[in-house]
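Enquirer: Protein chains in written order, with our numbering: chain A, 18 to 418; chain B, 18 to 418.
1) Does DSSP classify residue 361 of chain A as helix, strand or coil?
2) Using beta-carbon positions only, say whether residue 68 of chain B and residue 83 of chain B come within less than 8 Å of one another.
3) If you draw a straight line from the alpha carbon of residue 228 of chain A to that of residue 179 of chain B, how long is it in whole angstroms?
4) Hey, does residue 419 of chain B have any beta-carbon neighbour from chain A nearer than 8 Å?
5) Pick from A:340, A:369, A:359 and A:334: whose alpha carbon is nearest that of residue 343 of chain B?
6) Looking only at its chain, what residues have a beta carbon closer than 6 Å to the beta carbon of residue 270 of chain A, apart from the 5 residues adjacent to it on each side?
7) Which full runs of the beta strand (DSSP E) of 3+ residues lie inside the stretch 29–108 of chain B, going along the chain?
8) Just to make sure I have the definition right: I need the residues of chain B whose C-beta is within less than 9 Å of the C-beta of residue 183 of chain A. Which are they?
9) For residue 122 of chain B, does the count of other Cβ atoms within 10 angstroms reach 16, so buried, or fall short, so exposed?
10) Which whole-angstrom value is the C-beta distance of residue 390 of chain A and residue 398 of chain A, which I expect to be below 8 Å?
11) Give me the chain A residues within the contact set of residue 187 of chain B, using Cβ-Cβ distance strictly less than 9 Å, ordered along the chain.
12) Using a Cβ-Cβ distance cut-off of 8 Å, determine whether residue 423 of chain B contacts chain A.
13) If residue 128 of chain B sits next to residue 71 of chain B, beta carbons under 8 Å apart, how far is it from one beta carbon to the other, in whole angstroms?
14) Less than 8 Å between CB atoms is the rule here; does residue 224 of chain A satisfy it with respect to chain B?
15) Give the DSSP-derived three-state secondary structure of residue 229 of chain A in the structure shown.
16) The stretch 67–97 of chain B: which residues have C-beta closer than 7 Å to a C-beta of chain A, in chain order?
17) Of all the CB atoms in chain B, is at least one closer than 8 Å to the CB of residue 213 of chain A?
18) Have a look at residue 38 of chain A and residue 225 of chain A and give me their C-alpha separation to the nearest angstrom.
19) So does residue 390 of chain B have its beta carbon nearer than 7 Å to some heavy atom of the ligand GTP?
20) Hey, quick one: how far does the beta strand (DSSP E) through residue 172 of chain A stretch, first residue to last?
21) Please report whether the beta-carbon of residue 21 of chain A lies at a distance below 8 Å from any beta-carbon of chain B.
22) So, do the stretch 199–216 of chain A and the stretch 238–247 of chain A have three or more beta carbon pairs nearer to each other than 8 Å?
23) Going by alpha carbons, who is nearest to residue 419 of chain A out of A:175, A:292 and A:147?
24) Assuming the contact rule is C-beta atoms closer than 8 Å, residue 378 of chain A and residue 415 of chain A should be a hit. Round their C-beta distance to whole Å, please.
25) Where in the stretch 243–310 of chain A do unbroken runs of the alpha helix (DSSP H), each at least 4 residues long, occur, reported from the N-terminal end onward?
26) Relative to the C-alpha of residue 35 of chain B, which candidate in B:386, B:366 and B:362 has its C-alpha closest?
27) Under 8 Å by Cβ, that's how I've got residue 305 of chain B and residue 287 of chain B pegged, so tell me the actual separation to the nearest angstrom.
28) At 9 Å on the CB atoms, spell out the chain A contacts of residue 248 of chain B, in chain order.
29) Going along chain A, which residues have a C-beta under 8 Å from residue 167 of chain B?
30) Under 8 Å by Cβ, that's how I've got residue 64 of chain B and residue 166 of chain B pegged, so tell me the actual separation to the nearest angstrom.
31) Going by CA-CA distance only, name the one from A:319, A:350, A:310 and A:346 that's closest to residue 331 of chain A.
32) Using a cut-off of 7 Å between C-beta atoms, extract the partners of residue 63 of chain B located in chain A.
33) In three-state DSSP terms, what is residue 380 of chain B?
34) What does residue 160 of chain A touch in chain B if you count any residue whose Cβ is under 7 Å from its own?
35) Could you name the residues of the stretch 110–122 of chain A whose beta carbon sits closer than 7 Å to any beta carbon of chain B, in the order they occur along the chain?
36) Is residue 24 of chain B helix, strand or coil by DSSP?
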């Protein structure tokens with residue numbers, strides 16, 4: 018029915034897991050997951066990912082210190098001391114120490130201040146013997162010089178920053194953030210602050226992209242809006258390809274008159290998947306161009322969001338060598354029935370309400386155009402491909418955000 | 018035993034929940050949780066917290082658009098159309114539309130392109146009737162003008178940024194980030210990059226503080242290191258108080274000769290809690306000075322970390338009006354027994370290993386000085402106050418990071 022094109026682009030519906038697998042497998046084959054390395058100031062390294070093991074450059078702690086407020090003594094001087102048979106120690110043979118303070122070399126143990134009796138200005142009485150090392154924090158107790166402080170592929174936490182500084186690491190090798198570019202396409206799109214007139218729509222999917230790329234450890238870039246014509250889109254892609262690690266093309270992913278994304282990616286590289294058997298937003302394109310991931314992102318915002326979560330996020334995680342943590346799954350009863358289509362995985366946005374000690378799972382409107390449903394959602398309920406829906410009152414699992 | 022002080026500072030052990038409750042209750046009474054407001058550019062608002070409800074300044078979408086690639090028609094022209102009795106429609110009575118494109122005012126419904134047969138250059142044949150609104154995205158479908166886009170106390174997500182821009186919000190009112198100041202005290206402390214000599218220790222707890230304050234939505238500030246003497250510490254606190262919302266004083270929280278924190282906070286304001294019945298790091302001080310929280314943080318890094326999590330984090334959450342999300346709790350069997358002290362809550366750092374489909378919970382070294390134990394931990398196991406430990410093989414709950 019549509020104006021005849023030179024080549025037909027087939028929009029299929031590949032099962033989600035299969036589609037993602039195929040995409041990531043191909044990216045692995047072309048060597049995409051080999052990250053670059055750069056040096057990073059440790060004090061600004063929180064959230065960065067180590068590109069190799071980092072070792073201690075000095076002992077931490079680097080001197081023997083007291084683990085208690087007390088008195089440093091030689092254990093041999095305390096032998097046999099007890100409540101019934103206290104021992105007295107003279108000034109030159111003990112030393113007052115506070116927690117964290119260095120222990121003079123001649124002493125090998127500390128008695129807690131509470132367990133010492135001060136006899137006169139230069140003498141103490143003790144009631145128990147000590148063992149060598151008692152209440153002494155040894156050199157290198159936390160990290161010995163040369164010991165591993167952080168393994169490779171470690172996402173730097175605040176406490177890791179402290180450990181690095183303690184061990185004399187002021188710069189560390191980290192993975193260069195992958196540059197992730199979003200190209201918004203659509204003749205109706207304008208910047209949100211522009212005059213929308215009668216039929217212009219604000220371009221805002223780039224802001225969803227930007228926020229998540231930043232969160233997932235990438236360097237987001239948004240290109241200027243390009244009208245939906247073959248040549249300008251292709252040129253914008255060709256121009257940015259050498260400078261980006263990942264490319265996401267907004268809209269034009271279906272098979273309408275002006276859906277050029279799949280054709281352009283075919284012409285520049287390879288389209289692995291066009292259409293994923295899920296909802297909302299099945300017209301996803303997964304391609305590889307210049308050995309880089311090129312994702313065609315459906316235009317509706319919830320569809321774009323889901324595409325980022327399902328296909329862009331794993332690209333970044335594998336590139337950075339980090340794993341998603343365990344997911345926060347809760348169970349509850351569905352407040353109303355959900356219909357879904359056999360053969361499609363349905364991603365339902367839900368609210369979770371607590372009633373006594375039970376959870377009620379409330380499905381939100383399913384439209385792929387409704388950002389509101391995403392904003393008020395607390396989690397996602399996946400209806401698997403082999404079901405046509407879920408009953409009201411059914412016990413379901415929800416993945417919380 | 019220790020050198021006589023003017024006033025004795027009593028180090029007790031208050032139960033954790035009681036101590037935190039007392040602290041937060043007092044902060045509420047003195048009006049600490051009344052945050053200030055500022056305007057924030059929406060494109061930089063991710064992670065900020067709204068200080069009031071934000072409403073749509075325009076409809077989103079603000080024009081009727083097609084939800085499908087297809088043909089816009091008048092529903093009255095399609096009445097009675099069926100496979101057996103198709104209807105033909107002339108060029109002036111239909112209009113080709115792509116997904117997202119505006120619908121001319123005279124049409125009220127869309128037929129999917131797949132269900133239209135093109136007869137000639139100026140005529141189509143259809144096989145079903147349409148209803149008004151069919152496949153048309155109405156004005157304000159996502160947000161109607163004046164409708165709430167974000168409620169008060171909402172932490173801005175990437176999709177919220179998109180929704181704000183869609184609805185014409187380019188600046189929003191957010192809570193001013195609370196300024197949180199860390200004052201490191203200790204004559205042995207130096208900057209990590211300085212020469213440590215024989216008995217100097219790198220000051221790094223401020224970096225743990227900084228990272229978490231940033232993560233929790235505050236504005237972290239670190240003051241220069243102050244030696245552990247009464248007057249310089251007191252002066253540093255007095256100087257910074259007018260410019261900070263929260264003050265954390267590193268070390269000097271016990272009852273040794275040089276532990277001035279509690280005495281200074283007593284002299285400047287009120288000490289509510291000195292000593293918490295938990296481990297590691299019971300010498301915590303919770304005070305209020307100038308109606309602001311003043312926390313005495315134990316010097317060992319894991320103790321400092323726990324103090325931030327238990328007492329500083331809830332201050333920020335309540336100040337910003339946000340709730341901690343549900344926590345990710347997993348169950349598994351303990352790999353070895355844990356000893357703990359009756360009356361103390363023990364925070365055990367643990368690793369979680371998967372064996373077949375079971376989880377093994379492996380306790381890490383318990384020393385409060387060992388950052389390494391925190392870095393390699395995946396979660397925290399709390400041993401409650403009324404137990405003296407846990408058995409090997411016991412089924413336990415772990416809160417994952």
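C-beta: ideal position from N, C-alpha, C; glycine also.
Expert: Looking at the atomic coordinates:
1) Taking the first chain and counting its residues from 1, one reaches residue 361 of chain A at position 344. Three-state DSSP puts residue 361 of chain A in coil, outside helix and strand.
2) Reading the second chain from its first residue, position 51 is the one you call residue 68 of chain B. Reading the second chain from its first residue, position 66 is the one you call residue 83 of chain B. For residue 68 of chain B and residue 83 of chain B, no; Cβs fall outside 8 Å.
3) For the purposes of this step, residue 228 of chain A is taken as residue 211 along the first chain, with counting starting at 1. For the purposes of this step, residue 179 of chain B is taken as residue 162 along the second chain, with counting starting at 1. Rounded to whole angstroms, residue 228 of chain A to residue 179 of chain B spans 10 Å at the Cα level.
4) No answer is possible for residue 419 of chain B: the residues shown for chain B start at 18 and end at 418.
5) Taking the second chain and counting its residues from 1, the one referred to as residue 343 of chain B is at position 326. Taking only the C-alpha atoms, the option nearest residue 343 of chain B is A:369.
6) Taking the first residue of the first chain as 1, we reach residue 270 of chain A at position 253. Cβ neighbours of residue 270 of chain A beyond the five flanking positions: 278, 300, 302, 313 and 315.
7) Those beta strand (DSSP E) runs which fall completely within the stretch 29–108 of chain B and span 3+ residues are 54–58, 87–90 and 104–107.
8) As a working note, residue 183 of chain A is residue 166 in the first chain. Residues of chain B passing the Cβ test: 209, 218, 219, 221, 318 and 388.
9) Start at 1 with the first residue of the second chain, and residue 122 of chain B comes out as number 105. Under the 10 Å beta carbon count, residue 122 of chain B is surrounded by fewer than 16 other beta carbons and is classified as exposed.
10) Within the first chain, numbered from 1, the residue matching residue 390 of chain A stands at position 373. Within the first chain, numbered from 1, the residue matching residue 398 of chain A stands at position 381. Between the beta-carbon of residue 390 of chain A and that of residue 398 of chain A there is about 12 Å, and that puts the pair past the 8 Å contact cut.
11) Against the second chain, residue 187 of chain B aligns to sequence position 170. Neighbourhood of residue 187 of chain B in chain A, by CB distance below 9 Å: 209 and 210, in chain order.
12) With chain B running from 18 to 418 in the structure shown, residue 423 of chain B is simply not present.
13) Counted from its first residue, the second chain places residue 128 of chain B at position 111. Counted from its first residue, the second chain places residue 71 of chain B at position 54. The Cβ separation is near 38 Å, so there is no contact.
14) To locate residue 224 of chain A, count along the first chain from 1; it is residue 207. Output row for residue 224 of chain A: interface = yes.
15) One-based indexing of the first chain puts residue 229 of chain A at position 212. Note: residue 229 of chain A maps to helix in three-state DSSP.
16) Taking 7 Å as the Cβ-Cβ cut-off against chain A, the residues of the stretch 67–97 of chain B that qualify are 78, 79, 80 and 86.
17) Reading the first chain from its first residue, position 196 is the one you call residue 213 of chain A. Yes, because at least one Cβ of chain B sits closer than 8 Å to the Cβ of residue 213 of chain A.
18) Working through the first chain from its first residue, we reach residue 38 of chain A at position 21. Working through the first chain from its first residue, we reach residue 225 of chain A at position 208. The alpha-carbon of residue 38 of chain A is positioned some 24 Å away from that of residue 225 of chain A.
19) Ligands in the displayed structure: none, and consequently the ligand GTP is not present.
20) Within the first chain, the letter at position 155 stands for residue 172 of chain A. Careful: residue 172 of chain A lies outside any beta strand (DSSP E) and carries neither H nor E.
21) Here residue 21 of chain A refers to the residue found at position 4 of the first chain. Confidence in residue 21 of chain A is poor, its pLDDT being 37 and thus under 50, which makes the residue's placement unreliable; the coordinate value appears in the next sentence. By this cut-off, residue 21 of chain A is not an interface position.
22) Flag = yes, the stretch 199–216 of chain A and the stretch 238–247 of chain A touch.
23) No answer is possible for residue 419 of chain A: the residues shown for chain A start at 18 and end at 418.
24) Numbered from its first residue, the first chain carries residue 378 of chain A at position 361. Numbered from its first residue, the first chain carries residue 415 of chain A at position 398. Residue 378 of chain A to residue 415 of chain A, Cβ: 6 Å. Contact.
25) The alpha helix (DSSP H) runs of length 4 or more contained entirely in the stretch 243–310 of chain A are, from start to end of the chain, 247–257 and 278–285.
26) What you label residue 35 of chain B is simply residue 18 of the second chain in a count that begins at 1. That would be B:362, whose Cα lies nearest to the Cα of residue 35 of chain B.
27) Reading the second chain from its first residue, position 288 is the one you call residue 305 of chain B. Reading the second chain from its first residue, position 270 is the one you call residue 287 of chain B. By a beta-carbon distance limit of 8 Å, residue 305 of chain B contacts residue 287 of chain B. Their separation comes to about 5 Å.
28) Taking the first residue of the second chain as position 1, residue 248 of chain B is located at position 231. Simply none; closest approach about 18 Å.
29) What you label residue 167 of chain B is simply residue 150 of the second chain in a count that begins at 1. Against chain A, the beta carbon of residue 167 of chain B has neighbours under 8 Å at 392, listed in chain order.
30) Locating residue 64 of chain B in the second chain gives position 47, counting from the first residue. Locating residue 166 of chain B in the second chain gives position 149, counting from the first residue. With a Cβ gap of about 17 Å, residue 64 of chain B and residue 166 of chain B do not count as contacting.
31) Against the first chain, residue 331 of chain A aligns to sequence position 314. Of the listed residues, the one whose Cα sits closest to residue 331 of chain A is A:310.
32) Along the second chain, read from residue 1 onward, the residue named residue 63 of chain B stands at position 46. Those are 228, listed as they occur along chain A.
33) Stepping through the second chain from its first residue, residue 380 of chain B is reached at position 363. In this structure, residue 380 of chain B counts as strand in the three-state DSSP scheme.
34) Along the first chain, read from residue 1 onward, the residue named residue 160 of chain A stands at position 143. Within 7 Å of the CB of residue 160 of chain A, the CB atoms of chain B belong to 389, in sequence order along the chain.
35) In summary, the residues of the stretch 110–122 of chain A whose CB is separated from some CB of chain B by less than 7 Å are 115, 116, 117, 118 and 119, in the order they occur in the chain.
36) Taking the second chain and counting its residues from 1, one reaches residue 24 of chain B at position 7. Because the pLDDT at residue 24 of chain B is just 40, under 50, the model does not fix this residue reliably, and the value given afterwards should be weighed accordingly. Three-state DSSP puts residue 24 of chain B in coil, outside helix and strand.
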